[in-house]
Amino acid sequence: MTVPAEAARRRIVDLFLSSEERLLQRWTQLSGASSDELRDLYQALHAALSGEEADFADARGLLAELSRGRVRQGHTPSDTARLVFSLKEALYEVVEADGGPDALRGFVWFSRLVDDLGLYTFETYTSARERIIFDQTEQLLELSTPVVKLWEGIVAVPLVGTLDSARAQVVMEKLLQTLVDTGSEQAVIDITGVPAVDTQVAQHLLKTVVAARLMGAECVISGIRPQIAHTIVTLGIEFGDIVTKASLADALAYALGRSGVEITRGAPTRVAVRAERA
Amino acid sequence: MERVPILKLGDILIVSIQVDLDDQSVLALQEDLADTVVSSGARGVIIDITAVEIVDSFIGRMFSTIAAMTRMLDAETVVVGMRPAVAITLVELGLSLGGVRTALNLEKGVAMLQHVRGTAG
Chain A
1 MTVPAEAARR RIVDLFLSSE ERLLQRWTQL SGASSDELRD LYQALHAALS
51 GEEADFADAR GLLAELSRGR VRQGHTPSDT ARLVFSLKEA LYEVVEADGG
101 PDALRGFVWF SRLVDDLGLY TFETYTSARE RIIFDQTEQL LELSTPVVKL
151 WEGIVAVPLV GTLDSARAQV VMEKLLQTLV DTGSEQAVID ITGVPAVDTQ
201 VAQHLLKTVV AARLMGAECV ISGIRPQIAH TIVTLGIEFG DIVTKASLAD
251 ALAYALGRSG VEITRGAPTR VAVRAERA
Chain B
1 MERVPILKLG DILIVSIQVD LDDQSVLALQ EDLADTVVSS GARGVIIDIT
51 AVEIVDSFIG RMFSTIAAMT RMLDAETVVV GMRPAVAITL VELGLSLGGV
101 RTALNLEKGV AMLQHVRGTA G
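Chains as they are written, first to last, in the UniProt record's numbering: chain A, 1 to 278; chain B, 1 to 121.
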């Protein structure tokens, strides 16, 4: 760095360090952030600039934390970036009051520094956002594939939402593993919550049923709504010898029958008797 | 070449595959099994593949062959203990093991053979 630039730099750092209260007040006004946050940030910058070697690690750490916090509070990335950039405006007012050419030249250098920090917050902001989206996707995948036990030896998978290849694979693996773990010989796949069935979804369902059969379990597909039945027939999808039922209740009754459980109607309960009398 | 032991339990033969089979062992097993079914007069065969982690199309076909072969000798074959990963692989390979009975575990396999014989005889 050339000598005049060095002088300019020293001058702007001096200005920055000497006018703490004035800068902070103006900065808080411009950015609308809490003054405590900004004071911490100012102190980190203060420490970085007054040291021999300019080390912004602390300042960056603070900024990253601030940025992540703001993601959670639902601020836009521009808001967070503006918070950092408004420091320039606050400092410029101090520079103008000083009026010296060195200070003005130094301001250009300082401005580049603040730009860097601003971009850094932007990057942290995006990566924090991506992290949240990624976590949510994983949670959704786990949430959306519960395998429930309906009866001794009968398990069911109520599918809700669109079935894509990734989900179909998770469903298949989870169902088959549950069959092994619980020793269940009957499985019901309920597709009441699946909005549409196309050839691909049907293919996934068929694969699951065949895989379950290979392991020695029987699969029933239930919850086929009238429109879906219509679509399946129109598309020419063959379900072969796979048992399909209209409702989960029908499927359960079928599975119970297959596992040798008989259901009989007992003596009428009090509620039923009262209803009959009325 | 490793030979897979064939155990006799009442009138059921139990074959528990514990190692990864090569093609030679598979062929040897088929021959041994046919011999043993005839000599022991067994009415059922259970192939336990709980320990098998990899099944290729050749082994997949072996199950069908053994099932067809033992059926001719009046013995039913049940494949038991297939792992989920193996089942998924077989489906992806397009093998559905037609004509082979399957059960979740050895116990259910034995129960299935007794049930089949009960209805037949």
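Beta carbons: idealized from backbone N, C-alpha and C, even for Gly.
Where residue i and residue j are concerned, what is the direct C-alpha to C-alpha distance, given to the nearest angstrom?
i	j	result
Val45 (chain B)	Val209 (chain A)	25 Å
Leu17 (chain A)	Trp109 (chain A)	15 Å
Tyr125 (chain A)	Asp58 (chain A)	17 Å
Ala168 (chain A)	Val201 (chain A)	8 Å
Pro101 (chain A)	Glu93 (chain A)	14 Å
Lys245 (chain A)	Thr121 (chain A)	55 Å
Ala196 (chain A)	Ser247 (chain A)	16 Å
Asp190 (chain A)	Val261 (chain A)	21 Å
Ala49 (chain B)	Thr70 (chain B)	Just to set this straight, residue 49 (chain B) is Ile in the shown sequence, not Ala. Spanning the two alpha carbons is a distance of roughly 18 Å.
Val55 (chain B)	Val26 (chain B)	12 Å
Leu91 (chain A)	Ala8 (chain A)	14 Å
Thr199 (chain A)	Leu235 (chain A)	7 Å
Glu76 (chain B)	Ala67 (chain B)	7 Å
Leu63 (chain A)	Leu41 (chain A)	7 Å
Within 10 Å of its beta-carbon, does residue i have 16 or more other beta-carbons around it, so buried, or fewer, so exposed?
i	result
His204 (chain A)	buried
Ser184 (chain A)	buried
Glu20 (chain A)	exposed
Gln73 (chain A)	exposed
Met112 (chain B)	buried
Pro158 (chain A)	buried
Leu119 (chain A)	exposed
Leu9 (chain B)	exposed
Pro268 (chain A)	exposed
Gln186 (chain A)	buried
Pro84 (chain B)	buried
Phe58 (chain B)	exposed
For residue i and residue j, which I take to be in contact (beta-carbon distance under 8 Å), what is that distance rounded to the nearest angstrom?
i	j	result
Leu104 (chain B)	Val180 (chain A)	7 Å
Val155 (chain A)	Thr182 (chain A)	6 Å
Leu141 (chain A)	Val188 (chain A)	Actually they do not touch by this definition, with Cβ atoms about 21 Å apart.
Thr102 (chain B)	Arg213 (chain A)	7 Å
Leu15 (chain A)	Asp98 (chain A)	6 Å
Arg82 (chain A)	Ser35 (chain A)	So it is not a contact: roughly 16 Å between Cβ atoms.
Report the partner residues of residue i according to the DSSP bridge assignment.
i	result
Val155 (chain A)	A:Lys149 and A:Ala187
Thr102 (chain B)	B:Val79
Leu7 (chain B)	B:Ile14
Ile221 (chain A)	A:Ile189 and A:Thr244
Ile46 (chain B)	B:Ile14 and B:Val78
Val160 (chain A)	A:Gly193
Could you name the residues of chain E that residue i contacts, counting a contact when the two beta carbons are closer than 9 Å?
i	result
Gly216 (chain A)	As a matter of chain content, chain E is missing from the structure shown, whose protein chains are A and B.
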